[in-house]
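Scroll down for the structure; my scribbles are underneath it.
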Amino acid sequence: MTSKPSPQVSGRVCLLIGQLGLGGTEKQVTLLASGLVQSGIDTSVLVLFTGGPHEETLKAAGVPVIHIRCPRLRHGLDPLLRDATALDRVVRGLRLVARTAYKVPLAQIAMLRLLISLRRERPAVLHAFLLHSYLIAAPAAWLARIPVLVAGRRSLGDRHRDRLFMLTLIRLANRLTDLIIANAHAVAYDTRHAEGNSVRRLATVYNGIPETAFEPATAVRLAAAGPVILCVANLIRYKGHRYLLEACAFLRDRGLAGTLVLVGDGPEREELEQHAAALSIDVRFLGRRTDIAELLARADVCVLPSLTEGLSNAVMEAMAAGKPIVATNVGGTGELLRDGRGILVPPADAEALARAISRVLEDSDLCASLRAHSREWARAHLSAEAMVQRHIELYASLLEGECAV
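Just so we're on the same page, the working numbering is the position in the sequence shown counted from 1, plus 927.
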């Protein structure tokens, strides 16, 4: 029996993202673009707003980074909502989406600049990541006659869908899209049922972990009298840090005082610092860091207390490092940690979080089992190579006009 030949992607692939900072999506775009180039596919990354730390990594891998230099939407997607009268025009048809749905000047400029870049680059596939990129990309790709448009969905229950105008835009953009790729089955389910997408236009591809994440690292020097509890997550309300702080207070009252290390930054930092001081617990706010492997090597347990989640890169990296993990059972986290690969607790429950952390810290056999199972499963199912290959298969299938899912 002859083996099935590897799929071929004819033409250029452009990956579109807002910026190249230290977020999880930015890391995945960097991994995907680098892997596509290594596979011989002409690939470039289009950046709508600003660059960031991943830009040098992309350039070193031979991936061109093209800056669209769009004006920044200072309040996220909210400026798109200011002209409520546009709704009447939007619902008249897809052609009006490109002409009138994006009436806010900043959005018009962004779409125009993207359109110019797309006509210059002429990609066969445009893959837009995150909602702000996707909403601008859909009409621009349609006007530029890009053969295949793919949307990358990375999170659950986008807050903008609560508004009729934005939900209408999302649904119209979906109609201009050939395939939506979610990074977890939970994300695909949410997208399908909240937006009315057909299952035939949805695919799930887990995030990838680079091989270096499985390599041993030298622990960072961090003075701590007790166990180190590590949480890697931006300081945003939906990440649930407040409940982790309260869980650490419960642990202290039970005689299991440890040092909580928070890696990441965000708008909740000041409030969380005040809450930690009121609870009188040992918390280190390290801000944004790039030495995650070294911090993981120092940790005794890794925790993610999110109230909602897509597929957490932080959890995946902890799995690759062989660390015991406690996390809330939201979104794709349950897909990663079920079947003895981690301990799952309900969201917004500080006591349950504390009980789970204490189980890990007090039961060495449980800790060893969690380490082994999570690392083994991550190596088998979450490799960057598998993630890249699955994207190539989907791109090739779409370009051939076949059912991709």
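By construction, the Cβ of each residue, glycine as well, lies at the ideal position given by its N, Cα and C atoms.
Open item on the list: Which of the three DSSP states is assigned to L1057 in this structure?
Closed with: Along the sequence shown, one-based indexing puts residue 1057 at 130. The answer is coil: DSSP assigns L1057 none of H, G, I, E or B.
- [ ] Out of L942, Q955, L1231, state which residue places its alpha-carbon closest to the alpha-carbon of I1163.
- [x] Position 236 of the sequence shown, counted from the start, is the residue given in the question as residue 1163. Among L942, Q955, L1231, the Cα nearest to that of I1163 is on L1231.
Task: Extent of the continuous beta strand (DSSP E) to which F1212 belongs - done: Position 285 of the sequence shown, counted from the start, is the residue given in the question as residue 1212. 1210–1214 is the extent of the beta strand (DSSP E) around F1212.
Open item on the list: Give me the residue from E1138, L1094, Y1133 with the minimum Cα distance to T1118.
Closed with: Numbered from its first residue, the sequence shown carries residue 1118 at position 191. Residue L1094 is the option with its Cα nearest to T1118.
TODO: Run the CB neighbour count on H981, radius 10 Å, all protein chains shown included, and call it buried at 16 or more, exposed below.
DONE: For this step, residue 981 is matched to residue 54 along the sequence shown. Burial call: buried.
Task: Element boundaries [alpha helix (DSSP H), containing G1079] - done: Counting from 1 along the sequence shown, the entry for residue 1079 is found at position 152. Looking at the DSSP string, G1079 is not in any alpha helix (DSSP H); the run it does join, the beta strand (DSSP E), is 1075–1080.
Task: Separation of E1173 from A1205, as counted between CA atoms - done: Position 278 of the sequence shown holds residue 1205. Position 246 of the sequence shown holds residue 1173. Straight-line Cα distance between these residues: approximately 10 Å.
Open item on the list: Output needed for Q946: all residues of its chain with C-beta closer than 8 Å, excluding positions within five of it in sequence on either side, in chain order.
Closed with: In the sequence shown, residue 946 corresponds to position 19, counting from 1. The residues are E953, V974, L975, F976, T977, G978, G979.
Open item on the list: Checking 8 Å against the spacing of the C-beta atoms, do P1137 and A987 come in under that value?
Closed with: As a first step, residue 1137 is located in the sequence shown; it is residue number 210 there, counting from the start. As a first step, residue 987 is located in the sequence shown; it is residue number 60 there, counting from the start. No, they are not a contact pair.
Open item on the list: Please report the straight-line C-alpha distance between M1314 and V1132, rounded to a whole angstrom.
Closed with: In the sequence shown, the residue the question calls residue 1314 occupies position 387. In the sequence shown, the residue the question calls residue 1132 occupies position 205. Roughly 7 Å between the two C-alpha positions.
TODO: In the DSSP assignment, find the unbroken beta strand (DSSP E) run with G945 in it and report its ends.
DONE: Looking up residue 945 in the sequence shown gives position 18. Its beta strand (DSSP E) spans residues 940–946.
- [ ] With a threshold of 16 other CB atoms inside 10 Å of the CB of H1120, please say whether the residue is buried or exposed.
- [x] As a working mapping, residue 1120 is identified with position 193 in the sequence shown. The residue is exposed, with fewer than 16 neighbouring Cβ atoms inside 10 Å.
Open item on the list: If the criterion is Cβ atoms closer than 8 Å, does the pair G1237 and V1114 meet it?
Closed with: Mapped onto the sequence shown, residue 1237 falls at position 310. Mapped onto the sequence shown, residue 1114 falls at position 187. Taking 8 Å as the Cβ cut-off, G1237 and V1114 qualify as a contacting pair.
TODO: Specify the secondary structure class of I1043 as computed by DSSP and reduced to three states.
DONE: As a position in the sequence shown, residue 1043 is number 116, starting the count at 1. I1043 falls in the helix class under three-state DSSP.
Open item on the list: Given this structure, state the Cα-to-Cα distance separating E1200 from G1193, to the nearest angstrom.
Closed with: As a working note, residue 1200 is residue 273 in the sequence shown. As a working note, residue 1193 is residue 266 in the sequence shown. Distance between the alpha carbons of E1200 and G1193: 12 Å.
Open item on the list: I need the straight-line Cα distance from G1249 to L1083, nearest angstrom please.
Closed with: As a first step, residue 1249 must be located in the sequence shown, where it is residue number 322. As a first step, residue 1083 must be located in the sequence shown, where it is residue number 156. C-alpha separation (whole angstroms): 27 Å.
Task: Beta-carbon contacts of G989 that lie in its chain and below 7 Å, excluding the five residues immediately before and after - done: Position 62 of the sequence shown holds residue 989. Within the same chain, G989 has close Cβ partners V964.
Open item on the list: Are the CB atoms of V1228 and V1190 within a distance shorter than 8 Å?
Closed with: As a position in the sequence shown, residue 1190 is number 263, starting the count at 1. As a position in the sequence shown, residue 1228 is number 301, starting the count at 1. No, Cβ-Cβ distance for V1190 and V1228 is not below 8 Å.
TODO: Determine the contact status of I944 and V972, defining contact as a CB-CB distance below 8 Å.
DONE: The sequence position of residue 944 within the sequence shown is 17, counting from 1. The sequence position of residue 972 within the sequence shown is 45, counting from 1. Yes, the Cβ-Cβ distance between I944 and V972 is below 8 Å.
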